[in-house]
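Trainee: Heads up: the sequence shown begins at 72 in the working numbering, then just goes up one per residue.
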Amino acid sequence: MLRLEPRAQPSRALSLLSPLIALAITVAIGVALFALLGKDPVRGLQMFFVEPVKSLYALSELSIKATPLVLIALGLALCFRANVWNIGAEGQFVLGAMAGGWVAMLSGPDLAWLGRGIVVAILLAGVLGGMLWAAIVALLRDRFNANEILVSLMLVYVATLLLSWLVYGPWKDPRGYNFPQTITFDAITKVPRLVPHLRANIGTLIALVGVGAMWIFLFRLYRGFQLQVGGLAPLAARYAGFSSRSALWTALLLSGGLAGLAGALEAAGPLGQLTPHVPAGYGFAAIIVAFVGRLHPVGIVLSAVLMSMFYIGGELAQSRMGLPKSLTGVFQGLLLFALLACDTLIHYRVRFGAARKVAGGT
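#1: Could you tell me which residues DSSP puts in a beta bridge with V421?
#2: If we count the other Cβ atoms within 10 Å of its Cβ and call it buried at 16 or more, is E434 buried or exposed?
#3: Which stretch, first to last residue, makes up the alpha helix (DSSP H) that contains K136?
#4: In this structure, what does DSSP give as the bridge partners for Q272?
#5: Expressed to the nearest angstrom, what Euclidean distance is found between the alpha-carbon atoms of T275 and P368?
#6: Is it the case that the region 222-240 contacts the region 192-200, given that we only count it when at least three CB pairs across the two stretches are under 8 Å?
#7: Would you mind sorting N157 into buried or exposed? The rule is 16 or more other CB atoms within 10 Å of its CB.
#8: Among G385, A409 and A258, whose alpha-carbon lies nearest the alpha-carbon of A339?
#9: Could you give the C-beta distance for W236 and L345, rounded to a whole number, given that I count them as a contact under 8 Å?
#10: Could you give the DSSP three-state label for W173: helix, strand or coil?
#11: Tell me the DSSP secondary structure of D213 in three-state form.
#12: Under 8 Å by Cβ, that's how I've got G352 and A170 pegged, so tell me the actual separation to the nearest angstrom.
#13: Since I believe L147 is in contact with A361 (beta carbons under 8 Å), could you give me their beta-carbon distance rounded to a whole number of angstroms?
#14: I359: which of L140, K136, A183 and L210 sits nearest, CA to CA?
#15: Starting from R294 and walking both ways along the alpha helix (DSSP H), at which residues does that stretch end?
#16: Are the CB atoms of A160 and I135 within a distance shorter than 8 Å?
#17: Smallest Cα separation from V282: which of W320, G101 and I371?
#18: For L233, which of G201, F296, W286 and P347 has the nearest alpha-carbon?
#19: Check this for me: beta carbons of M285 and L145, under 8 Å apart or not?
#20: According to DSSP, simplified to helix, strand and coil, what is I193?
#21: Excluding sequence positions up to five away, which residues of its chain have a Cβ less than 8 Å from the Cβ of E122?
#22: Pull up the CB-CB distance for A152 and L298, whole angstroms please, since I reckon it's below 8 Å.
#23: Out of P251, L377 and T260, state which residue places its alpha-carbon closest to the alpha-carbon of L91.
#24: Going by beta carbon distance, what residues of the same chain come within less than 7 Å of T433, once the five residues before and after it are set aside?
#25: I need the straight-line Cα distance from F215 to R316, nearest angstrom please.
#26: By the 10 Å Cβ neighbour count, where 16 or more other Cβ atoms means buried, how is V80 classified, buried or exposed?
#27: Who are the near neighbours of L406 in its chain, counting only those whose CB is closer than 7 Å to its CB and skipping five residues on each side?
#28: To the nearest angstrom, how far is the alpha carbon of A106 from that of M202?
#29: Which full runs of the alpha helix (DSSP H) of 4+ residues lie inside the region 329-404, going along the chain?
#30: Can you find at least 3 beta carbon pairs, one from the region 259-271 and one from the region 181-193, that sit closer than 8 Å?
#31: Measure the C-alpha to C-alpha separation of A307 and M176 and round it to an integer number of angstroms.
#32: Considering G101, what are the terminal residues of the alpha helix (DSSP H) in which it resides?
#33: Below 6 Å CB to CB, which residues in the same chain sit around T138 once its five sequence neighbours on both sides are set aside?
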């Protein structure tokens with residue numbers, strides 16, 4: 072009989088190296104997959120790990136993918152540390168994009184006095200949109216003890232359907248040749264770029280500021296300490312007088328706000344309009360980013376860069392090697408499962424044989 076036995080003292084060094092070991096396992100399996108598909112493994116790995124960083128343009132595109140992943144994963148890490156399981160960041164991302172897009176579509180003579188300040192209004196609207204969607208989860212959990220995993224996940228589909236209804240109906244561009252899309256946002260509403268002729272924008276700087284702010288909140292502020300104690304030891308937190316209700320609302324609102332901010336940056340940045348393709352899976356991929364990054368702000372940055380390389384590598388492998396785009400999801404899934412396997416073996420040892428009988432039991 073196969074069973075797992077807890078280790079008396081898990082290795083701290085292996086715990087820190089676990090993401091790197093998981094990455095190595097993912098790469099090894101990836102090489103085998105390329106060989107089975109009849110493709111050159113070296114060229115395949117080059118698509119994923121060399122092409123996304125080989126030029127300034129490539130790095131710019133990498134930042135476009137990594138920015139929303141960092142922002143969303145920061146909020147999810149806060150939730151998971153507080154033992155609040157927000158699985159619906161994708162819906163909060165979509166609501167942020169819709170709220171920010173709505174403000175962008177309003178730009179015109181009435182809002183001309185804002186000037187470039189319209190970008191700030193768009194981003195704030197995105198934050199509020201994401202917080203509103205997350206507040207529904209917090210309210211249902213707080214008042215009716217609804218499972219936040221199911222509620223947040225189901226709200227993703229509601230948000231996606233709401234977006235589809237808007238771009239196929241009230242917000243549809245009358246001059247868009249019947250395509251389901253809004254008008255193209257005015258140039259003044261676009262998120263400023265960092266370098267001319269490249270798509271990298273100030274969202275990257277905002278994400279890095281968010282990393283620093285989240286580190287300070289988690290490890291230097293008393294409020295962050297309260298949230299983490301509530302997640303690790305709910306009974307101890309209750310004994311110390313920490314409010315689990317306050318932790319629930321704080322974690323979900325901050326997480327929703329960051330996801331909404333990512334959505335607004337995406338809508339007013341690379342997309343420039345709303346279409347049914349706004350949901351890009353960032354909210355779900357950010358769950359992997361958060362765990363691979365060990366729920367730590369700095370680790371999340373490195374993990375987000377790696378996940379962005381998978382996104383870009385999958386697109387390049389599709390166009391240059393004729394491989395399916397779903398390969399991106401395969402690599403993401405392999406990385407997560409390899410990480411879970413590594414963590415399990417670090418904390419438990421595998422034993423073979425019959426389970427020990429408890430004294431006095433059967």
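Glycine included, every Cβ here is placed at the ideal spot set by N, Cα and C.
Mentor: According to the structure data:
#1: Its beta-bridge partners are L75.
#2: This structure gives no information on residue 434, because the portion of the chain shown stretches from 72 to 433.
#3: K136: member of the alpha helix (DSSP H) spanning L127 to R152, first to last residue.
#4: The sequence given here has Asn at residue 272, not Gln. BP columns for N272 point to R264.
#5: Approximately 14 Å, taken between the alpha carbons.
#6: The answer is no - the region 222-240 does not touch the region 192-200, with fewer than three Cβ pairs under 8 Å.
#7: Counting Cβ neighbours within 10 Å, N157 comes out buried, since at least 16 surround it.
#8: Considering only alpha carbons, the answer is A258.
#9: Not really, about 12 Å apart at Cβ, beyond 8 Å.
#10: W173 carries a helical assignment under DSSP once its states are collapsed to helix, strand and coil.
#11: Helix at D213.
#12: At roughly 20 Å, the Cβ-Cβ gap does not stay under 8 Å, so G352 and A170 are not in contact.
#13: Correct: roughly 4 Å between the Cβ atoms.
#14: When only C-alpha atoms are compared, the closest one is L140.
#15: DSSP places R294 in the uninterrupted alpha helix (DSSP H) bounded by Y293 to L303.
#16: Judged by beta-carbon spacing, A160 lies beyond the 8 Å limit of I135, meaning their Cβ atoms are not closer than that value.
#17: Cα-wise, what sits closest to V282 is I371.
#18: The option with the nearest alpha carbon to L233 is P347.
#19: One thing to note: M285 has its Cβ within 8 Å of the Cβ of L145.
#20: In this structure, I193 counts as helix in the three-state DSSP scheme.
#21: Correct list, in chain order: A129, I383, G384 and L387.
#22: Before going further, note that residue 152 is Arg rather than Ala in the sequence given. Correct: roughly 6 Å between the Cβ atoms.
#23: Selected option, being the one with the closest Cα: L377.
#24: In this prediction, T433 scores a pLDDT of 47, lower than 50, which makes its location untrustworthy; the coordinate-derived value is nonetheless stated afterwards. The beta carbon of T433 sits closer than 7 Å to no other beta carbon from its chain once the five residues preceding and following it are set aside.
#25: Computed Cα separation, rounded: 12 Å.
#26: Before going on, a small fix: residue 80 reads as Gln here, not Val. Exposed: under 16 other Cβ atoms inside 10 Å.
#27: Excluding sequence neighbours, L406 sits near A93, L94, T97, I359 and V363.
#28: Annotation: A106 to M202 spans about 46 Å, alpha carbon to alpha carbon.
#29: Runs found: 353-363 and 368-392.
#30: Under the Cβ criterion (8 Å, minimum of three pairs), the region 259-271 counts as touching the region 181-193.
#31: Rounded to whole angstroms, A307 and M176 show a C-alpha spacing of 49 Å.
#32: It spans R83 to L107 - the alpha helix (DSSP H) in which G101 sits, taken as one unbroken run.
#33: Counting only Cβ-Cβ distances below 6 Å, and skipping sequence neighbours, we find G274, T275 and A278.
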